[in-house]
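Report on the structure given below.
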Amino acid sequence: MKKKSFIYQTWWIGLIPMLVGFIFIIVATVNISAISDFRFIFLAVFGGSGLFIFMIGLLLIGYSKHQKVKNKWLKEQGIKMSAEVIDFQGTARTVNNNRLTRLTCTAKINGTDYIFKSQPLRLNPVPFLKNGLVDVYYDLGNMKRYFIDVDGSVRDVVEL
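Listed below in C-alpha cells is the structure:
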C-alpha cells in the first residue's frame, strides 16, 4: 500500500486554466467569418485572453514544481534538525469547503529561537509524529529557505 502524504498537492490546480486557455486559443484560430477585420479583432481578443489564461496555468504548475525541486535540494544539501510542534491551525485558504491547515514549529539555532511554518496540509499529522518532533531542513546561508518534512517525520500511515 502507498504511504499517506499529509502535504496538499497543488500542481493540478494549474491544469484548469491551461485547459481553458488552450480551448480559447483553438476557438480563436478557427476561421469563423469571411470578414478579415473581424477575424483579426476576434483573434486578438479571444486568443490573447486564452494565451493569458494558459500562461497563468503554466505559472501555477511551474511554481509547484519549483517548490518540489527546492525541497529536494534542501533535503540533500541543507542542515537537518528536529523542531518542536507548537501549533496546528487553519489558513485562510479553503479547498472543497475544507480549510487548509499549517503546522507551526520552533527550534533554537545558535541561541536564537526560530519559528517555521509548513506547507498547506490536508490532515492533522500531530497524532502520528515520532516523539512530537518534525524534521526541518534549512539553508544556513539563508534561514528563510527551509522545508518542514512532515511526511518523513510521521510513522507509517496508510489510508484505507
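Numbering (numbering that gives the first Met the number 0), first residue to last: 0 to 159.
Think of the CB as a built atom: it goes at the ideal place given N, C-alpha and C, for glycine as much as any other residue.
Query	Result
Have a look at the DSSP bridge pairing and note the partners of Gly89.	Thr100
What does a CB cutoff of less than 8 angstroms around Val153 pick up in its chain, not counting 5 residues either side in sequence?	Phe5, Pro124, Phe127, Leu128 and Lys129
Could you pull the DSSP bridge partners for Lys107 from this structure?	Asp112
Leaving out five residues before and five after Leu102 in sequence, what residues of the same chain have Cβ atoms less than 8 angstroms from its Cβ?	Val84, Asp86, Phe87, Lys116, Ser117, Leu120, Pro124, Val125, Val133, Ile147 and Val149
Under the rule that 16 or more other beta-carbon atoms within 10 Å means buried, what is Val135, buried or exposed?	buried
Can you say whether Gly61 is buried or exposed, counting buried as having 16 or more other CB atoms within 10 angstroms of its CB?	exposed
I need the straight-line Cα distance from Met17 to Ile108, nearest angstrom please.	43 angstroms
Opposite Val133 in the DSSP bridges: which residues?	Ala82
Taking 7 angstroms as the cut-off, decide whether the C-beta atoms of Phe45 and Phe23 are in contact.	yes
Helix, strand or coil for Asn123 per DSSP?	coil
Could you tell me which of Phe53, Tyr113 and Ala91 sits nearest to Ala82, measuring between CA atoms?	Tyr113
Assign Arg144 to one of three DSSP states: helix, strand, or coil.	strand
Who are the near neighbours of Asp99 in its chain, counting only those whose CB is closer than 8 angstroms to its CB and skipping five residues on each side?	Per the sequence shown, residue 99 should be read as Leu rather than Asp. So the list reads Tyr7, Gly89, Thr90, Arg92, Thr93, Pro119, Leu120 and Arg121, once near-sequence residues are dropped.
Using a threshold of 7 angstroms, state whether the C-beta atoms of Ile12 and Leu50 are closer than that.	no
For Val94, name the three-state secondary structure that DSSP assigns.	strand
Would a C-beta distance cut-off of 7 angstroms place Ile52 and Val19 closer than the cut-off?	yes
Just how far apart, CA to CA, sit Lys69 and Val157?	26 angstroms
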